[in-house]
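Asker:
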Amino acid sequence: MSEGDSVGESIHGRPSTIAAFFTRLGQIYQSWLDKSTPFYIGRWAGTLILTAVYMIRVYILQESVISWLG
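Its first residue numbered -10, the sequence shown is counted upward by one per residue in my numbering.
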């Protein structure tokens, strides 16, 4: 691509405020993903804990998301 052909750029060649915001948001998100990658045991433990909490909730209330929708 030549200069000024980028999607987020305005007529004057500077990125628009909205494009800059979403670019920065993407960078922050990617940074958090990169920082959490080495902690796969913690992520799996958190997933299992949340799944257990949800299953206990379903057991106690005797309903799941499907019965909420129907």
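Each residue gets a CB set at the ideal place from its N, CA and C atoms; glycine is no exception.
A quick note: this is a predicted structure, and the numbers were derived from the prediction, not measured.
1) Excluding the 5 residues flanking Leu50 on each side, which residues of the same chain have their C-beta closer than 8 Å to its C-beta?
2) Would you kindly work out how many angstroms separate the C-alpha atoms of Leu22 and Ala34, rounded to a whole number?
3) Alpha helix (DSSP H) containing Ser5: first to last residue?
4) Taking the alpha helix (DSSP H) that Thr36 falls in, what are its first and last residues?
5) If we ignore side chains and look at the alpha-carbon of each, how far apart do Thr36 and Phe28 end up?
6) Run through DSSP, which three-state label would Thr12 get?
Answerer: Inspection of the coordinates gives the following:
1) In the sequence shown, counting from the first residue as 1, residue 50 sits at position 61. Closer than 8 Å at the Cβ level, and outside the excluded window around Leu50, lies no residue.
2) Here residue 22 corresponds to residue number 33 of the sequence shown, with the count starting at 1. Here residue 34 corresponds to residue number 45 of the sequence shown, with the count starting at 1. Going from the Cα of Leu22 to the Cα of Ala34 covers about 17 Å.
3) Counted from its first residue, the sequence shown places residue 5 at position 16. Looking at the DSSP string, Ser5 is not in any alpha helix (DSSP H), and its letter there is neither H nor E.
4) Sequence index remark: in the sequence shown, residue 36 carries index 47 (1-based). The continuous alpha helix (DSSP H) containing Thr36 extends over residues Tyr29 to Leu50.
5) For the purposes of this step, residue 36 is taken as residue 47 along the sequence shown, with counting starting at 1. For the purposes of this step, residue 28 is taken as residue 39 along the sequence shown, with counting starting at 1. Each residue's Cα considered, the two are about 12 Å apart.
6) Residue mapping note: residue 12 aligns to position 23 of the sequence shown, counting from 1. Assignment of Thr12 by DSSP, reduced to helix, strand and coil, places it in the helix class.
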